[in-house]
Structure formats: C-alpha cells, structure tokens
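So the protein lines, in turn, are chains E and L. Just so we're on the same page, the numbering used here is the position in the first sequence counted from 1, plus 974. Just so we're on the same page, the numbering used here is the position in the second sequence counted from 1, plus 974. Cβ atoms here follow ideal geometry from the backbone N, Cα and C, with glycine treated the same way. To start, the structure itself, in structure tokens.
Number of protein chains: 2
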Amino acid sequence: MESTRSLPIGVFDSGIGGLTVLKALAEVLPQESFLYLGDTARLPYGTKSPKSVTRYALQTTRLLVERGVKVLVIACNTATAVSLQALQEAYPQMPVIGVIRPGAQAACRASTTGRIGVIATESTVNGGSYNEEILRIHPTAQVFSRPCPLFVSLAEEGWCEGEVVELVAKQYLHSFVQDTGIDTLVLGCTHFPVLARAIGQVVGPRIALVDSAHTTAQFVYELLRKDDLGSRDQRRTLSFLATDGAERFARVGGVFMNSCLESKDIEIVDL
Amino acid sequence: MESTRSLPIGVFDSGIGGLTVLKALAEVLPQESFLYLGDTARLPYGTKSPKSVTRYALQTTRLLVERGVKVLVIACNTATAVSLQALQEAYPQMPVIGVIRPGAQAACRASTTGRIGVIATESTVNGGSYNEEILRIHPTAQVFSRPCPLFVSLAEEGWCEGEVVELVAKQYLHSFVQDTGIDTLVLGCTHFPVLARAIGQVVGPRIALVDSAHTTAQFVYELLRKDDLGSRDQRRTLSFLATDGAERFARVGGVFMNSCLESKDIEIVDL
C-alpha cells in the first residue's frame, strides 16, 4: 500500500492540450508526482475514428502502467468520449478518470436555466458523451453542441488572443449562442481554456464558461482521500513523455502550462 | 512491359491535401489509372519529426507497392522534403517523384528578380529542401521561407475564402512580402492551392503564385513518355485508400478534388 501511494498519477493526452489538466492537478495536489504522456506522433485525435482513438489510448495506457502509476487521468476529451469504458475494462484494478463526467457536473452546477452549450472537437461532439452525462445528472437539461476544430490549431500555434481568434470565435459562436439561449458553455476540449478570454468576450459575461480541468482535479483529490491513495512524500516529480517532437512539445507546452519547459526534459517514447 | 504499363500510378499523401496533386495528374494524364493513399490516421505530417515521417512514408509506400503501382508520386511536401531519398533507396527499380523539385523549377521559371518566397508547414521549412532545390537551379536566387501551419487547418475545415482566411493570410504574409521584396511565392504545401485566391488577394497581383501540382503532373507526363510507361487502356480507374475516417475523407476531399466523393468509395486500410 505504501509503495502504491508513492507512485505517480498517470496523465494521458493526444498531445499537449492535456497540460491544462496537468496544471490544475498539480495545483490541487501539491504532494503528488505526475507522469504525463502526450501522443504527439498521432495527434490530433479529434478528427479520427473511435476505433483508431481507442487503439491509441490502449497503447499509451499500457506504457504508463508498465512505468507504474496509481491512477490514470485521461486528460483528453476525445479519448474520454470514445475510450473511457475500454480503458476501465482493460485495467479494472486501477481507477481510470476521464474529463467528461467532472465537466458535466460542473456545467449542471453552473446552469440555472438548464440550457447548456458544449464546444469540442468533431469526435467528441459526434460521440455525444457530454450530452449523455449532463442528462444523467439533470434529466430536463437541454444540451446544444458545436464542433470548433480550428480552436485546436489556434491554440497549438500559440495564437491565444487577438483579431484572428476573436473572428474565428465569432464565426463559431455568435449565432450559436443567440439561437440556443444557453446560460452555460462547456469548454469540452483541453485546448480551449487557453482561448477562454477571447471566447468569453464573444459570448458575453452572462454565460458561464466551464473548464473541466479544475473539476477533474477536484475529483481526483477526493478519490485519493477516499481510497487512501495520497502520497506522503515530501518531494514530488513531474515527468513528461511524448511520442514525437520534444522541441515543439516544450515550446507549445510552455503556453499551456504557463511555465517554462525545456526539450531536454521531454523523454521521447515509441509506442 | 505491357503489364507494367497497365498498372496505376501510386500517389501518397499524409491525408487529403494531396488530392490537389491527384486532380492535376488526372487532368494531364487522362488515360492513366491512379491509386491514392492518404495516411489520415496519422496526419498531419507537417508538425512531426523527420524520423516519424520517414517511418510512415516507408509503410505507406510498401502497401502501394504490394498493391502494384508503376510510378510513385509523393504528393506531400513534408514527406518529399524529409523522405524522398529514403524511398528512392528503398525502391530503386521504381521511379519515385516528389513535389519539391518540380515546384522549385516552376518558381525559377516564374521569377525575374530571383527573390523567391516559400510558404509551407514547419517541417518543410525546417527541412530546407526548397531552398536547396531552388539554389541548385538558380545559384544566385534568394529564398525566403515562412511556415503557415494554420492554412492547413483552414483548408481542412473547408474555410477556403472569407474574412478569417484573409485575416490569417494577412498576419502570415503582409510584412513577409514587404520585408523580403519577393516576386514569386511557392505554395509549398498541397493544402494551400485551395486558399490561392485569398492568398493572391493579400500578396497582390505582382507576385506570381507557384503551385507544384501542375508542374509535378507535367513531370510525370514526360517521365511516362521517356520511359515508355504510358497506359494504352481505354478505361481508367481512380481508387482511394485511407488509414482512417472515410466520411471525413469524402467530405473534405470533395473540396480538394472539386468533385463529389462518397465514403463508400474510400477503402480503409491498416498500416
């Protein structure tokens, strides 16, 4: 048990977007070590088929389990939407946590009218998981979804504010918000929080923006307490694995983590 | 020999951008059959490391060779930039043609001042192949490169004209064109021709836009004649393989081919 407590928490994402979730986890859990794996060789997952995404998710999880992790967080909405169940079935002994249920809970708490918008990648929207999770909690809610794939590219390019982001946000969201009358908008992709300011300006202050990173971190915090899995070590480590492109990972990842990463700190692994 | 003549021409790309090259080939070579393979499960190549791109390129080429092709066209600038030589060495009996040399030749013919711009993905720009090829032909030319990764996402999203494309083009190209004084601009990524109108409006009519698709097609036409490899069949076939997402391939591919594709016509293959 003691040895399990000392293991890091595994965090897996299609690339670097999941670092927004890692950042929230690291803040809420200052004693925990983390092992992050970004499948940068095969990103983005959001435009790929469920079958391919699940195959990739199983491969990345196997590697994290071999290295040794006590809990797995799927910090990718697409992988959560299409592969959470497959991963839970493949590793019944290990808690596997996705970002969608915590995001859905936060949205239901934030909404007073029950009209909830979800923006995400094509795969996440088509998978319908947010819809399902929100309706499980709040059966009379009305959920409206909109794929926003260009937000991913803008975030990856590091264009987080300015004229282009605002114009793209307007094209995606202006009539969507008007037509649906939502009071809450879920940022259903880990890339989107870095664009939150621009998105907020387009949708206006009366719509609550929900980011699942912080609610997921809270969820993991409670899980560790409940299962008595919290680390008692004084020093923690943050380790980064990627399947391609250490330099790009460090450069763009710095934007997401809001801190400095160096390419020598990223270990490249082959899946 | 007769049986070789009847084989299709293999065309390989990281995804669907290469369909702009296929379209040019099909127009210039109306009697030839084509077998197109888009590695949609692992696109985009443009942000990945040379080692990964070459591994993927060798896998896709092996499949095309097993199916039977008489010539291979690499319809992807990134794969040409980093993997052409590896493919030529792996298949010494088969002509392997990339898009960069034809594009460089066309640029040198179009330029009167010798000041040539190249816009492409990060990998193509970092690889420096356009630079090298242009200087081999025109040793006193000056080549200026600019990565434009968002153009790929805009084309994939089908946003080929309008305010967003123009604004992104302005941000990428306005000061680039002013500062360098180029008279020719190479569209060094197969996705870019679908944005040519918007790019042309930003750079202005005095700058010649060079698209390697047509010059590559001309190059293949001459190769078939020289090596007596031209088909004598009356009917030709166009076949499409992809590693993921038949529906998306058909939907976005239609924009690139400027014709209608149906998902049932796309065969999904595993590499």
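### Query
With distances taken from CA atoms, which of Val1002(E), Leu993(E), Ser988(E) is nearest Thr1189(E)?
Val1002(E)
### Query
For Pro1121(L), which beta-bridge partners are listed by DSSP?
Ala1094(L)
#### Entry: Asp1239(E) - DSSP class collapsed to helix/strand/coil
helix
### Query
Going by the beta-carbon positions, is the gap between Ile1093(E) and Cys1122(E) smaller than 8 Å?
yes
### Query
Using the beta-carbon count (16 or more within 10 Å), is Pro1076(L) buried or exposed?
buried
### Task
Could you give the DSSP three-state label for Gly1020(E): helix, strand or coil?
coil
### Cα-Cα separation, Ile1137(L) to Ser1026(L)
Going by the sequence as given, residue 1137(L) is Glu instead of Ile. Each residue's Cα considered, the two are about 35 Å apart.
### Message
Between which residues of its own chain and Glu1241(L) is the CB-CB distance below 6 Å, once the five residues before and five after are set aside?
### Response
Leu1215
### CB contact check: Glu1137(L) to chain E, cutoff 8 Å
yes
### Query
Comparing the C-beta of Ser1057(E) with each C-beta of chain L, is any distance below 8 Å?
no
### Query
Which partner residues does Leu1158(L) have in the DSSP bridge list?
The sequence shown places Thr at residue 1158(L), rather than the Leu named in the question. Answer is Ile1090(L), Ala1182(L), bridged to Thr1158(L).
### Task
Tell me, to the nearest whole angstrom, how far the beta carbon of Ala1115(E) is from that of Ile1090(E); I am working on the premise that it is less than 8 Å.
6 Å
### Message
Let's test the definition: count the other Cβ atoms within 10 Å of the Cβ of Lys1238(E) and tell me whether it reaches 16, buried, or not, exposed.
### Response
exposed
### Query
For Thr1021(E) and chain L, any beta-carbon pair shorter than 8 Å?
yes
### Message
Contact defined as beta carbons within less than 8 Å: I believe Thr1052(L) pairs with Ser1119(L). What is the distance between those atoms, to the nearest angstrom?
### Response
Actually they do not touch by this definition, with Cβ atoms about 13 Å apart.
#### Entry: Local Cβ density within 10 Å of Thr994(L), reported as buried at 16 or more and exposed below that
buried
#### Entry: Proximity test, Cβ basis, 8 Å: Gly992(L) and chain E
no
### Task
Return the residue from the list Phe1230(E), Asp1207(E), Asp1244(E) that minimises the CA-CA distance to Ser977(E).
Asp1207(E)
### Query
Span of the beta strand (DSSP E) holding Leu1212(E)?
1212 to 1216
### Query
Where does Ile947(E) sit, in a helix, a strand or coil, going by DSSP?
Residue 947(E) is absent from the model: chain E starts at 975 and stops at 1245.
#### Entry: Where Tyr1030(E) falls: helix, strand or coil (DSSP)
helix
### Task
Alpha carbon to alpha carbon, how far is Asp1202(L) from Leu1017(E)? Give it in angstroms, no decimals.
42 Å
### Message
For Ser988(L) and Arg979(E), what's the separation of their Cα atoms in angstroms?
### Response
43 Å
### Task
Could you tell me whether the Cβ of Ser1007(E) comes closer than 8 Å to any Cβ of chain L?
no
### Query
Does the beta-carbon distance from Ser1205(E) to Ser1007(E) come in below 8 Å?
yes
### Task
Return the chain-ordered list of same chain residues with a C-beta closer than 7 Å to the C-beta of Leu981(L), the five sequence neighbours on each side being excluded.
Gly1042, Val1043, Lys1044
### Task
Give the range of the beta strand (DSSP E) segment to which Phe1008(L) is assigned.
1008 to 1012
### Query
Can you tell me where the beta strand (DSSP E) with Leu1046(L) in it begins and where it stops?
1045 to 1048
### Query
Which of helix, strand or coil does DSSP assign to Val1039(E)?
helix
### Task
For the alpha helix (DSSP H) holding Val1073(E), just list the boundary residues, first then last.
Val1073(E) -> no alpha helix (DSSP H), and no H or E assigned at all.
### Query
DSSP on Gln1290(E), reduced to helix/strand/coil?
Outside the modelled stretch of chain E, which goes from 975 to 1245, sits residue 1290(E), for which no answer is possible.
### Query
Beta-carbon separation of Val1039(L) and Leu1058(L) under 8 Å?
no
### Task
Output, in sequence order along the chain, the residues in the region 1141 to 1157 of chain E whose CB is closer than 7 Å to any CB in chain L.
Leu1141, Val1142, Gln1145
#### Entry: CB-CB length for Ile1181(L) against Leu1212(L), believed under 8 Å
Actually they do not touch by this definition, with Cβ atoms about 34 Å apart.
### Query
Under a Cβ-count criterion, where at least 16 other Cβ atoms within 10 Å of its own Cβ denotes burial, should Ile1111(L) be classed as buried or exposed?
exposed
### Query
CA-CA distance, Val1226(L) and Gly1012(L)?
12 Å
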